[in-house]
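This note's numbering numbers the first residue of the first sequence as 16 and each following residue consecutively. Yeah, the Cβ is synthetic: ideal placement off N, Cα and C, and Gly gets one too. Computed from a predicted model, the values in this text were never measured in an experiment. Written out below as structure tokens is the structure these notes cover.
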Amino acid sequence: MSDSPQIAPLLFAWYGRVGRDLPWRHTRAPYRIWLSEIMLQQTTVTAVIPYYQCFLARFPDIGVLAAAAAEEVVEAWAGLGYYSRARNLHAAARQVMELHNGCFPETLEELITLPGIGRSTAGAILAIAHQERGVILDGNVRRVLVRLFALEGDPRSSAAEKQLWLWAESLTPAERADDYAQAIMDLGATCCTPTKPNCPECPLAVHCQAFTQGRQDELPQARAAKAVPTVQQVGLLLADKRGRLLVRRRPMNGLLGGLWEFPTREVLPGATPEASARLLLQELGGSGSVEEAGKVAHAYSHFKLDLRFYRGKAGTAGYVGEGEHDWLTAAALRELALHGAHKKALKFI
DNA sequence: AAGTCGGGGTT
DNA sequence: AACCCAGACTT
Numbered sequence: 016m017s018d019s020p021q022i023a024p025l026l027f028a029w030y031g032r033v034g035r036d037l038p039w040r041h042t043r044a045p046y047r048i049w050l051s052e053i054m055l056q057q058t059t060v061t062a063v064i065p066y067y068q069c070f071l072a073r074f075p076d077i078g079v080l081a082a083a084a085a086e087e088v089v090e091a092w093a094g095l096g097y098y099s100r101a102r103n104l105h106a107a108a109r110q111v112m113e114l115h116n117g118c119f120p121e122t123l124e125e126l127i128t129l130p131g132i133g134r135s136t137a138g139a140i141l142a143i144a145h146q147e148r149g150v151i152l153d154g155n156v157r158r159v160l161v162r163l164f165a166l167e168g169d170p171r172s173s174a175a176e177k178q179l180w181l182w183a184e185s186l187t188p189a190e191r192a193d194d195y196a197q198a199i200m201d202l203g204a205t206c207c208t209p210t211k212p213n214c215p216e217c218p219l220a221v222h223c224q225a226f227t228q229g230r231q232d233e234l235p236q237a238r239a240a241k242a243v244p245t246v247q248q249v250g251l252l253l254a255d256k257r258g259r260l261l262v263r264r265r266p267m268n269g270l271l272g273g274l275w276e277f278p279t280r281e282v283l284p285g286a287t288p289e290a291s292a293r294l295l296l297q298e299l300g301g302s303g304s305v306e307e308a309g310k311v312a313h314a315y316s317h318f319k320l321d322l323r324f325y326r327g328k329a330g331t332a333g334y335v336g337e338g339e340h341d342w343l344t345a346a347a348l349r350e351l352a353l354h355g356a357h358k359k360a361l362k363f364i
């Protein structure tokens with residue numbers, strides 16, 4: 016767009032006054048910038064900070080990360096969510112060691128070939144780590160630009176995305192793209208917020224079409240809400256003679272890959288949860304009845320989980336399931352990289 | 001283009 | 001409850 020407003024100088028001045036002081040803003044090390052960008056995908060700053068510090072203490076450089084076991088990386092990610100990020104981070108670290116001699120790529124094309132790095136994350140790394148003209152389009156920037164240009168319709172549609180990338184490209188300055196990226200993200204996070212934007216203190220208000228039209232509370236237009244199904248499961252707190260409980264590791268790929276959990280199964284259609292729990296107990300080599308322990312509700316973006324836990328006793332035949340498993344004490348369970356919904360069940364033991 | 005993939009904070 | 005978050009990837 017030839018008529019894009021010159022917002023970069025306004026953002027620089029604002030950022031200098033009220034920009035946030037964040038741990039990853041004290042470095043330009045590509046490894047640390049990369050890690051912060053991956054952790055921050057769809058995740059709030061406050062949630063990331065402690066994970067960022069712990070992860071760096073455990074994996075201080077890309078060589079250490081590449082040499083680690085995949086399970087170890089997932090365990091450092093436990094509780095942060097979107098575990099494919101941890102798998103991709105680990106795979107990308109190995110890729111950089113093998114293909115780039117341990118040196119992080121410095122071009123957009125090479126960055127995007129790394130698993131977990133898309134167009135926006137690559138732009139952020141280019142700008143912040145390499146000080147080049149990287150362009151970003153994250154949730155903050157999307158909201159700022161939708162209001163700045165009063166973009167109608169679903170901002171996640173492919174047509175909107177295309178337009179937003181054009182605007183993002185034209186607004187990004189040739190110099191100080193790093194400051195620009197962090198400033199516009201800060202603006203979206205602290206000023207141009209989803210609800211009740213603080214327009215009186217916004218440095219871009221004079222250029223903002225939504226504000227000019229008094230429609231800053233109507234944009235961006237909300238996405239059409241879709242119904243989310245509820246999955247019914249039963250979980251088993253299966254104790255051996257020493258009181259230790261059975262846990263198993265979820266397969267590395269797929270939902271919550273690599274995390275530990277108590278044995279579960281879906282509630283059979285037409286069956287009661289208790290009958291399904293009894294069946295699960297028998298399938299695992301246990302015996303006798305089950306006792307109701309408590310209920311856990313867990314929400315994901317595309318389904319809800321209704322999980323009822325039962326206590327049971329292990330039979331003398333022992334465990335007959337498949338895959339990696341272990342018998343752990345309550346103390347050990349609290350230290351384990353547990354599936355979030357199952358972490359809630361610790362209060363039942 | 002639509003679906004998958006978490007967990008927590010905000011409203 | 002619904003929405004959002006420094007999105008990427010698969011189908």
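For residue i, name the three-state secondary structure that DSSP assigns.
| i | result |
| --- | --- |
| K319 | strand |
| S302 | strand |
| G327 | strand |
| E87 | helix |
| V311 | strand |
| V335 | coil |
| R100 | helix |
| V262 | strand |
| H354 | coil |
| L80 | helix |
| H41 | helix |
| S17 | Residue placement at S17 is poorly supported in this model, since its pLDDT is 45, which falls under 50; the coordinates still yield a value, given next. Reduced to three states, the DSSP call for S17 is coil. |
Please look up how many angstroms separate the CB atoms of residue i and residue j, rounded, as I've assumed it's under 8 angstroms.
| i | j | result |
| --- | --- | --- |
| W29 | L202 | 7 angstroms |
| A240 | Q231 | A240 to Q231, Cβ: 22 angstroms. No contact. |
| G131 | A142 | Wrong, their Cβ atoms sit about 18 angstroms apart, outside the cutoff. |
| F27 | R191 | 7 angstroms |
| H105 | L80 | 7 angstroms |
| P284 | L295 | At roughly 15 angstroms, the Cβ-Cβ gap does not stay under 8 angstroms, so P284 and L295 are not in contact. |
| A101 | V111 | Actually they do not touch by this definition, with Cβ atoms about 16 angstroms apart. |
| A165 | Q228 | 6 angstroms |
| R158 | P209 | 7 angstroms |
For residue i, is the beta carbon positioned less than 7 angstroms from some heavy atom of the ligand NAD?
| i | result |
| --- | --- |
| W275 | Because no ligand of any kind appears in the structure shown, any question about the ligand NAD cannot be addressed here. |
Excluding the five sequence neighbours on either side, which residues of its own chain have a C-beta within less than 7 angstroms of the C-beta of residue i, listed in chain order?
| i | result |
| --- | --- |
| E86 | G273 |
| V282 | Q247, Q248, V249, P288, S291 |
| W180 | L152 |
| E52 | T136, A139, I140 |
| P38 | I64, Y67, Q68 |
| Y366 | Residue coverage of the chain in this structure runs from 16 to 364, which leaves residue 366 outside it and unanswerable. |
Residues in the same chain with beta-carbon distance under 6 angstroms from residue i, minus the five sequence neighbours each way, listed in chain order, please.
| i | result |
| --- | --- |
| R323 | V249, P288, K310 |
| G303 | K328 |
Can you list, in chain order, the residues of its chain whose CB lies under 8 angstroms from that of residue i, leaving out five sequence neighbours each side?
| i | result |
| --- | --- |
| R35 | V60, D201, A204, T205 |
| Q146 | R43, A192, D193 |
| A83 | F74, H105 |
| K359 | V311, H313 |
| R280 | Q248, V249, S291, L294, L295, E298 |
List, from N- to C-terminal side, the alpha helix (DSSP H) runs of 4 residues or more that fit wholly inside the region 185–260. Annotation note: the region 185–260 contains the following uninterrupted alpha helix (DSSP H) runs of length 4 or greater, listed N- to C-terminal: 192–205, 224–227.
What are the complete alpha helix (DSSP H) segments, minimum 4 residues, inside the region 121–176? Counting whole runs of 4 or more residues, the region 121–176 contains the alpha helix (DSSP H) stretches 123–127, 134–143, 154–163.
Hey, is the region 93–100 in contact with the region 258–276, meaning 3+ C-beta pairs nearer than 8 angstroms? Judged by Cβ distances under 8 angstroms, the region 93–100 makes contact with the region 258–276, as three or more pairs qualify.
Does the count of Cβ pairs from the region 245–259 and the region 331–347 closer than 8 angstroms reach three? Under the 8 angstroms Cβ criterion, the region 245–259 counts as touching the region 331–347, having at least three qualifying pairs.
Quick one: any contact between the region 177–197 and the region 210–219, if contact means 3 or more CB pairs under 8 angstroms? They do not touch, by the three-pair rule.
Would you call the region 119–131 and the region 167–175 in contact, with 3 or more CB pairs under 8 angstroms? Short answer: they don't touch.
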